[in-house]
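Number 84 in the UniProt record's numbering belongs to position 84 of the sequence shown; there are no gaps in the numbering.
Yeah, the Cβ is synthetic: ideal placement off N, Cα and C, and Gly gets one too.
All of these numbers come straight from a predicted model, not from anything done at the bench.
To start, the structure under review is shown below, and the notes come after it.
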Amino acid sequence: MPPPPQALSAPERAEPLDFERVHAQHAAFVWRTLRRMGVREADLEDVCQEAFLVVHRRLPEFDPRAPVAAWLFGICMRLASDHRKRAHVRRETPVAQPPDEARPPEQLESVARTQARARLDRILDALDEDKRAVFVLFEIEQWAMADVAQAVGCPVQTAYARLYAARKQVQEAVARLQGGER
1 MPPPPQALSA PERAEPLDFE RVHAQHAAFV WRTLRRMGVR EADLEDVCQE AFLVVHRRLP
61 EFDPRAPVAA WLFGICMRLA SDHRKRAHVR RETPVAQPPD EARPPEQLES VARTQARARL
121 DRILDALDED KRAVFVLFEI EQWAMADVAQ AVGCPVQTAY ARLYAARKQV QEAVARLQGG
181 ER
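Listed below in structure tokens is the structure:
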């Protein structure tokens, strides 16, 4: 569950954050963000660990008055972008899946969820990085638009424009999928 919008605002903190607390409170958010920003499932654990290495290294520089989630999102964005840029270098061959009739019903449900997630990933992959970031934070993480704009470093109206464009692309992609294009 995404943090409530008020949790995204920077509370007044007397003491600096410690790494263990940041990790405990935000590990799930970092994982979801990396996944939704295009990090492959097979690489997710490694990239998540890399994100927290960056957090550990940069924590002394963090302004405790700033929203932690926005700072973490910026780290995740850069790592996911780097990961996608390196992805074209990797050569992998897909492993064939057993036919559906060879699977138990509970595994078929899991397969359906996995396929739905893969379709969502393809749709999100088609968005440019700026639109994808706004769409993920606003529509999926359910952040307030002011927090989204702060996290991606743009004015609120620009964030709304990116959201509008992203929604249009997502709706068109869903329409194509429903029309039989896969």
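Asked	Found
Residue closest to R86, alpha-carbon to alpha-carbon, out of R40, A51, R35	R40
Contacting residues, own chain, Cβ-Cβ under 6 Å from K131 (five flanking each side not counted)	R162, A165, A166
Contact check, V148 vs F138, beta carbons under 8 Å	yes
Contact under 8 Å by Cβ, V22 with L34	no
Assumed close pair L72, V136 - CB separation to whole angstroms, cut-off 8 Å	L72 to V136, Cβ: 13 Å. No contact.
Counted within 10 angstroms of its Cβ, other Cβ atoms place E141 as buried (16 or more) or exposed	buried
Given D66 as reference, the closest of L17, L177, P155 once Cα atoms are compared	Going by the sequence as given, residue 66 is Ala instead of Asp. For A66, the nearest C-alpha among the options comes from L17.
Cβ neighbour criterion (16 or more within 10 Å) applied to L177	exposed
Integer Cβ distance of R36 from L127, believed to fall under 8 Å	Contact doesn't hold; Cβ gap of about 11 Å is too wide.
Pairwise C-alpha distance: T114 and L120	10 Å
Exposure of Q150, with buried meaning 16 or more beta-carbon neighbours within 10 Å	buried
Where the alpha helix (DSSP H) containing R78 begins and where it ends	68-87
When A175, V134, V54, E172 are compared against T158, the one with the closest alpha-carbon	V134
Beta-carbon proximity list for H56, same chain, < 8 Å, skipping 5 on both sides	F19
Under the three-state DSSP convention, the category P155 falls into	coil
V174, buried or exposed, once every other Cβ within 10 Å from all chains shown has been counted against 16	exposed
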